[in-house]
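Please read the structure below before turning to the comments.
There are 2 protein chains.
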Amino acid sequence: MGRVLPLDGCVGGDPQSQRVALIRASVPDDAEAGALAELFRLLGDVRRTSILYALLEAGELCVCDISAAVQVPEASVSQTMRLLRASAVVDNRREGRRVYYRLADAHVRMLLDVCREHTGHEGSR
Amino acid sequence: MGRVLPLDGCVGGDPQSQRVALIRASVPDDAEAGALAELFRLLGDVRRTSILYALLEAGELCVCDISAAVQVPEASVSQTMRLLRASAVVDNRREGRRVYYRLADAHVRMLLDVCREHTGHEGSR
DNA sequence: TCCTCATCTGCGCGGATCTTCAGATAAGGT
DNA sequence: ACCTTATCTGAAGATCCGCGCAGATGAGGA
Numbered sequence: 104m105g106r107v108l109p110l111d112g113c114v115g116g117d118p119q120s121q122r123v124a125l126i127r128a129s130v131p132d133d134a135e136a137g138a139l140a141e142l143f144r145l146l147g148d149v150r151r152t153s154i155l156y157a158l159l160e161a162g163e164l165c166v167c168d169i170s171a172a173v174q175v176p177e178a179s180v181s182q183t184m185r186l187l188r189a190s191a192v193v194d195n196r197r198e199g200r201r202v203y204y205r206l207a208d209a210h211v212r213m214l215l216d217v218c219r220e221h222t223g224h225e226g227s228r
Numbered sequence: 104m105g106r107v108l109p110l111d112g113c114v115g116g117d118p119q120s121q122r123v124a125l126i127r128a129s130v131p132d133d134a135e136a137g138a139l140a141e142l143f144r145l146l147g148d149v150r151r152t153s154i155l156y157a158l159l160e161a162g163e164l165c166v167c168d169i170s171a172a173v174q175v176p177e178a179s180v181s182q183t184m185r186l187l188r189a190s191a192v193v194d195n196r197r198e199g200r201r202v203y204y205r206l207a208d209a210h211v212r213m214l215l216d217v218c219r220e221h222t223g224h225e226g227s228r
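The listed protein sequences correspond, in order, to chains A and B.
So in the numbering used here, the last spot in the first sequence is 228, and the numbers never skip.
So in the numbering used here, the last spot in the second sequence is 228, and the numbers never skip.
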């Protein structure tokens, strides 16, 4: 991952280095950071984003509805949903030959909401 | 982007198709979806995620402190910060030869918090 | 003015990932 | 049983993106 000089940079021996040590302690370790990044990464794709917002609006949709809603081939939707389900971003339910997907939990809904607030400049307060 | 059959799939002529039309109307258009995905995409990288959580804890850090905190070469940190700044995820402030970075706004902090709640299983209730 | 330190930028390589096609599987209806 | 429909899977190609190096820029101090 490339060389990182011990601590001789701008913090060489000054009070800052203690602070850095404290921060290192409270920052997520590699494993947790990986998990956090993974969740964001899943949301960070136009296709997936569109699908998730469609689910946020609709509550529940089957693959072919999603396909129609976001104008993406059904096979592609299916693949996308597999990814999202593997990371517990969405849940699914089978009814006859249809499989209905929905957002997994309130956290996901909240992430989508907050992000839309941040991006759009509409009355977020 | 691949072919998408009109609306003849499983919703052919049944009430669902109206619903799909409604959903299409309220779902972010391509432009907005792109912006939303872009924000998530920026958060969806282990290195960036680590840096952002460091900033969440510390409030404000200069490049060399970040470098020490997340163990990444300063040049790489600098590049990363440029990306994050371009999309208004972080803000910066110059003091002498140091440049201090901080999270841009409450929305970003909220995203990080919510994500950590979802990932970690600690008392998020 | 010269030198040092902190930060920034341009470039190229390596690796991960999105996309789609074509075929497999599952569930119903006739 | 057979056929149709809805969804899933595997694989391959093209693309994108992160990564680090080496050098440039800007700001202070002597």
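Backbone N, C-alpha and C define an ideal beta-carbon position, used for all residues, glycine too.
Just so you know, these numbers come straight off a predicted model, no measurement behind them.
(request) With a threshold of 16 other CB atoms inside 10 Å of the CB of A/D168, please say whether the residue is buried or exposed. (result) A/D168 should be labelled buried.
(request) For B/A171, count neighbouring Cβ atoms within 10 angstroms of its own Cβ and tell me buried if that reaches 16, exposed if not. (result) B/A171 should be labelled buried.
(request) Could you confirm whether any beta carbon from chain B is found closer than 8 Å to the beta carbon of A/G147? (result) Closer than 8 Å to some Cβ of chain B, the Cβ of A/G147 qualifies, so yes.
(request) Work out the CA separation of A/H221 and B/V211 for me, nearest whole Å. (result) Each residue's alpha carbon lies about 8 Å from the other.
(message) Cβ closer than 9 Å: which chain B residues qualify as neighbours of A/G137?
(response) Those within 9 Å of A/G137 in chain B are V149, T152.
(request) Would you mind working out which of B/T183, B/A136, B/G162 sits nearest B/A207, comparing C-alpha positions? (result) Minimum Cα distance to B/A207 is reached at B/G162.
(request) Check whether the Cβ atoms of A/Y204 and A/V193 sit closer than 8 Å, and answer yes or no. (result) Contact: yes.
(request) Look at the alpha carbon of B/L215 and the alpha carbon of A/F143, and state the distance between them as a whole number of angstroms. (result) For B/L215 and A/F143, the distance between alpha carbons rounds to 10 Å.
(message) Rounding to the nearest angstrom, what Cα-Cα distance links B/V166 and B/G223 in this structure?
(response) Looking at the backbone, the Cα of B/V166 and that of B/G223 are separated by about 28 Å.
(message) With H, G and I counted as helix, E and B as strand and the rest as coil, what does DSSP make of B/R200?
(response) It is coil, neither helix nor strand.
(request) Specify the secondary structure class of A/E135 as computed by DSSP and reduced to three states. (result) Three-state result, A/E135: helix.
(request) Flag A/L110 as yes if its beta-carbon sits less than 8 Å from any beta-carbon of chain B, otherwise no. (result) With a pLDDT of 45 at A/L110, under the threshold of 50, the modelled position of that residue is not reliable, and no figure is offered here.
(request) Would you list, in chain order, the members of the segment 174 to 208 of chain A that have their beta-carbon closer than 8 Å to a beta-carbon of chain B? (result) Listed by position along the chain: Q174, V175, P176, E177, S179, R201, D208.
(message) Counting only C-beta atoms, is B/E163 closer than 8 Å to chain A at any point?
(response) B/E163 does not count as touching chain A.
(request) Consider the Cβ of B/A157: report whether some Cβ of chain A lies at a distance smaller than 8 Å. (result) For B/A157, the answer is yes, since a Cβ of chain A falls inside 8 Å of its Cβ.
(message) Rounded to the nearest angstrom, what separates B/I126 and B/G147 at their Cα positions?
(response) Taking the straight line from one Cα to the other gives about 27 Å.
(message) Would B/G116 pass as an interface residue toward chain A - the criterion being a Cβ-Cβ separation below 8 Å?
(response) Here B/G116 scores only 42 on pLDDT, less than 50, and its place in the model is too uncertain to base an answer on.
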